[in-house]
Amino acid sequence: MTTRSTPLYLGDELRAQAERAAEVAGRSLSAWVREASEARLGHEAKIAAGLDAVREFERDRGPIPPEVEAIARRELEDAGVIPRRSA
C-alpha cells in the first residue's frame with residue numbers, strides 16, 4: 022500500500038484526544054488516525070450495505086411494517102449504530 026502525506030487540521034481538543042488515544046494504544050498519531058478512518062469507513066460500508074438490503078427487500082416484498090421498523094430502530098439505537106430520536 023502506497024501512502025502519501027496528507028495535511029489534517031484538527032481543533033486543539035480533538036487533537037489532544039486523538040494524541041491521548043494513540044498513546045494509550047501504543048500507536049503513532051498517524052497510525053491511530055489511519056486506523057480510526059479505516060474503522061469508520063468499514064462502519065459506513067456496513068450501514069450502506071444494510072440500507073441496500075432493506076431497499077431490495079422492500080422492492081421484492083413491499084414496505085417493512087411500521088412495528089417491525091420500530092423494533093429494528095430501537096435495536097440499532099441500543100447498539101449505538103444510529104442516534105436515538107429525541108422524544
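At position 28 of the sequence shown (counting the first as 1) the number is 49 in our numbering, and the numbers step up by one without a gap. Yeah, the Cβ is synthetic: ideal placement off N, Cα and C, and Gly gets one too.
Only counting the same chain, and skipping five residues up and downstream in sequence, which positions put a Cβ closer than 7 Å to that of residue i?
i: residue 42; result: 53
i: residue 79; result: 85
i: residue 20; result: For residue 20 there is no data in the structure shown, the boundaries of the chain being 22 and 108.
For the putative contact between residue i and residue j, defined by C-beta atoms under 8 Å, what is the C-beta separation to the nearest angstrom?
i: residue 128; j: residue 98; result: Not covered by the structure: residue 128. The range shown for the chain is 22 to 108.
i: residue 39; j: residue 50; result: 6 Å
Could you pull out every residue in the same chain whose Cβ sits closer than 6 Å to the Cβ of residue i, ignoring the five residues on either side in sequence?
i: residue 103; result: 97
Excluding the five sequence neighbours on either side, which residues of its own chain have a C-beta within less than 8 Å of the C-beta of residue i, listed in chain order?
i: residue 29; result: 54
i: residue 75; result: 85
*Segments assigned alpha helix (DSSP H), at least 4 residues, entirely inside the segment 75–105*: Those alpha helix (DSSP H) runs which fall completely within the segment 75–105 and span 4+ residues are 87–99.
*Scan the segment 33–60 and note each continuous alpha helix (DSSP H) run of 4 residues or more that stays entirely inside, going in chain order.*
Here the runs fully enclosed are 33–46.
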